[in-house]
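K.L.:
Heads up: the sequence shown begins at 31 in our numbering, then just goes up one per residue.
Backbone N, C-alpha and C define an ideal beta-carbon position, used for all residues, glycine too.
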Amino acid sequence: MTRTTRLELDDQELREWEAVVLDAGPDGIVLDRSAFYPGGGGQPPDHGVLLWQGVQTRIGGVRKGDDLVLIPVEGDPLPPAGTVVQGAVEDERRTALMRTHSGLHLLCGVVFRDYGCLVTGGNMEPLSARMDFDLREVPPGFKQAVEDACNAEVEADRRIDVRTLPRTEAFEIPDIIRTATNLVPPEVQDVRIVDIVGLDTQADGGTHVASTKQIGRIRVAKVENKGRGFRRLRIAIAD
31 MTRTTRLELD
41 DQELREWEAV
51 VLDAGPDGIV
61 LDRSAFYPGG
71 GGQPPDHGVL
81 LWQGVQTRIG
91 GVRKGDDLVL
101 IPVEGDPLPP
111 AGTVVQGAVE
121 DERRTALMRT
131 HSGLHLLCGV
141 VFRDYGCLVT
151 GGNMEPLSAR
161 MDFDLREVPP
171 GFKQAVEDAC
181 NAEVEADRRI
191 DVRTLPRTEA
201 FEIPDIIRTA
211 TNLVPPEVQD
221 VRIVDIVGLD
231 TQADGGTHVA
241 STKQIGRIRV
251 AKVENKGRGF
261 RRLRIAIAD
């Protein structure tokens, strides 16, 4: 457990909040409350600013360890411990990453439903991403079929729910792990679940939009052969 209360896990729309600096030094800044997502599961960390006493400190990254550490842009001033600050997440970047992350879950749900394939890897940047699948043979028309199926789910405007369940209860949900290996460490006893209602339910720690309609149009840009039956799908998200 870090000393920082993770605000973004309960309120994914939160962009501004007040906090107190617990520590500040060469390694970064630790707040008592933060809505900066630290990165994980392929989703990059947030950027943003801290405002304090008429000063601005830009945040260019976040690191999660014993504490949630905000990494200031080199040369920016550090607020001393005990300072009350206003935190702000860069909205355009976070929203784009939320749309992209939800788009990857939608893609995963479609490919699992229609082809029974598990995920072997993935990564994302704002509005572009890749996801790797264990798919031995690529059926004719696969690329267009996946794109059409994804956009049908976007238009269906499915609700995206987030909840936390005890580990034993979470793992009773069928196919809760869509990766080829279980990436939830055994010490994690409370599992965060992201549910695209009626399509895809997965253990996940990232941030998401509230419905598939908010993702935007999904374009399958490329299907690549990564060897040993692994296929990489590159997608782009458009308004």
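Helix or strand or just coil, what does DSSP make of V214?
P.N.:
In the sequence shown, residue 214 corresponds to position 184, counting from 1. Here V214 sits in coil by DSSP.
K.L.:
According to DSSP, is K256 part of a helix, a strand, or is it coil?
P.N.:
As a position in the sequence shown, residue 256 is number 226, starting the count at 1. If DSSP states are grouped into helix, strand and coil, K256 belongs with coil.
K.L.:
By the three-class DSSP mapping on this structure, what secondary structure does V227 have?
P.N.:
As a working note, residue 227 is residue 197 in the sequence shown. The answer is coil: DSSP assigns V227 none of H, G, I, E or B.
K.L.:
Taking Cβ to Cβ, would you say V79 is nearer than 8 angstroms to L61?
P.N.:
For the purposes of this step, residue 79 is identified with residue 49 of the sequence shown, where counting begins at 1. For the purposes of this step, residue 61 is identified with residue 31 of the sequence shown, where counting begins at 1. Going by C-beta atoms, V79 is not nearer than 8 angstroms to L61.
K.L.:
Is the segment 182-197 in contact with the segment 252-263, if contact means three or more CB pairs nearer than 8 angstroms?
P.N.:
Contact between the segment 182-197 and the segment 252-263 is absent: fewer than three C-beta pairs spanning the two stretches fall below 8 angstroms.
K.L.:
Would you kindly check if the distance between the Cβ of V119 and the Cβ of F66 is under 8 angstroms?
P.N.:
Along the sequence shown, one-based indexing puts residue 66 at 36. Along the sequence shown, one-based indexing puts residue 119 at 89. Yes, they are a contact pair.
K.L.:
What does DSSP give as the partner residues of G78 in its beta bridges?
P.N.:
Taking the first residue of the sequence shown as position 1, residue 78 is located at position 48. According to DSSP, G78 bridges with I89, V119.
K.L.:
Can you tell me whether DSSP reads D205 as helix, strand or coil?
P.N.:
Here the question's residue 205 lines up with position 175 in the sequence shown. Coil at D205, not helix or strand.
K.L.:
Hey, would you say D106 sits closer than 8 angstroms to T87, going by beta carbons?
P.N.:
Reading the sequence shown from its first residue, position 76 is the one you call residue 106. Reading the sequence shown from its first residue, position 57 is the one you call residue 87. Yes, Cβ-Cβ distance for D106 and T87 is below 8 angstroms.
K.L.:
Could you give the uninterrupted runs of the alpha helix (DSSP H) lying entirely in the segment 128-183, keeping only those of 4 residues or more?
P.N.:
Counting only runs of 4+ residues, no alpha helix (DSSP H) is found wholly inside the segment 128-183.
K.L.:
Would you tell me roughly how many angstroms separate the C-alpha atoms of V92 and G228, rounded to the nearest one?
P.N.:
The sequence position of residue 92 within the sequence shown is 62, counting from 1. The sequence position of residue 228 within the sequence shown is 198, counting from 1. Rounded to whole angstroms, V92 to G228 spans 34 angstroms at the Cα level.
K.L.:
Tell me, please, which residues DSSP counts as bridged to P102.
P.N.:
Walking along the sequence shown from the start, residue 102 turns up at place 72. In the DSSP output, where bridge partners are listed per residue, P102 has I89.
K.L.:
From the DSSP output, read off the bridge partner residues of P109.
P.N.:
Along the sequence shown, read from residue 1 onward, the residue named residue 109 stands at position 79. None; P109 has no bridge partner.
K.L.:
If you count every other CB in all the chains shown that lies within 10 Å of the CB of L44, and 16 or more means buried, which is it?
P.N.:
Taking the first residue of the sequence shown as position 1, residue 44 is located at position 14. Looking at its Cβ environment, which holds fewer than 16 other Cβ atoms inside 10 Å, L44 is exposed.
K.L.:
Just mark A54 as buried or exposed, buried being the case when its beta carbon has 16 or more other beta carbons within 10 Å.
P.N.:
Position 24 of the sequence shown holds residue 54. By the 10 Å Cβ count, A54 comes out buried.
K.L.:
So the candidates are I245, G90, G117, R197; which of them puts its Cα closest to the Cα of R222?
P.N.:
Along the sequence shown, read from residue 1 onward, the residue named residue 222 stands at position 192. The option with the nearest alpha carbon to R222 is R197.
K.L.:
Considering only the alpha carbon of each residue, which of V224, I248, L100 lies closest to D191?
P.N.:
Locating residue 191 in the sequence shown gives position 161, counting from the first residue. Considering only alpha carbons, the answer is V224.
K.L.:
Within the same chain, show all residues whose beta-carbon is closer than 6 angstroms to that of A159, passing over the 5 residues directly before and after it, in chain order.
P.N.:
Within the sequence shown, numbered from 1, the residue matching residue 159 stands at position 129. Excluding residues within five positions, the ones whose Cβ falls inside 6 angstroms are T130, L134, I265.
K.L.:
Between the beta-carbon of I245 and the beta-carbon of V253, is there less than 8 angstroms?
P.N.:
For the purposes of this step, residue 245 is taken as residue 215 along the sequence shown, with counting starting at 1. For the purposes of this step, residue 253 is taken as residue 223 along the sequence shown, with counting starting at 1. Taking 8 angstroms as the Cβ cut-off, I245 and V253 do not qualify as a contacting pair.
K.L.:
When you compare only the Cα positions, how much space is there between D269 and E38?
P.N.:
Taking the sequence shown and counting its residues from 1, one reaches residue 269 at position 239. Taking the sequence shown and counting its residues from 1, one reaches residue 38 at position 8. The straight-line gap from Cα to Cα measures roughly 24 angstroms.
K.L.:
Please report the straight-line C-alpha distance between T231 and E202, rounded to a whole angstrom.
P.N.:
To locate residue 231, count along the sequence shown from 1; it is residue 201. To locate residue 202, count along the sequence shown from 1; it is residue 172. Answer to the nearest angstrom: the Cα atoms are 12 angstroms apart.
K.L.:
Is it buried or exposed for D205, if we count other Cβ within 10 angstroms and need 16 for buried?
P.N.:
On the sequence shown, position 175 is the one that residue 205 refers to. With fewer than 16 other Cβ atoms within 10 Å, it is exposed.
K.L.:
Taking C-alpha atoms, which residue in A175, R247, T35, F163 lies nearest to D96?
P.N.:
Taking the sequence shown and counting its residues from 1, one reaches residue 96 at position 66. It is T35.
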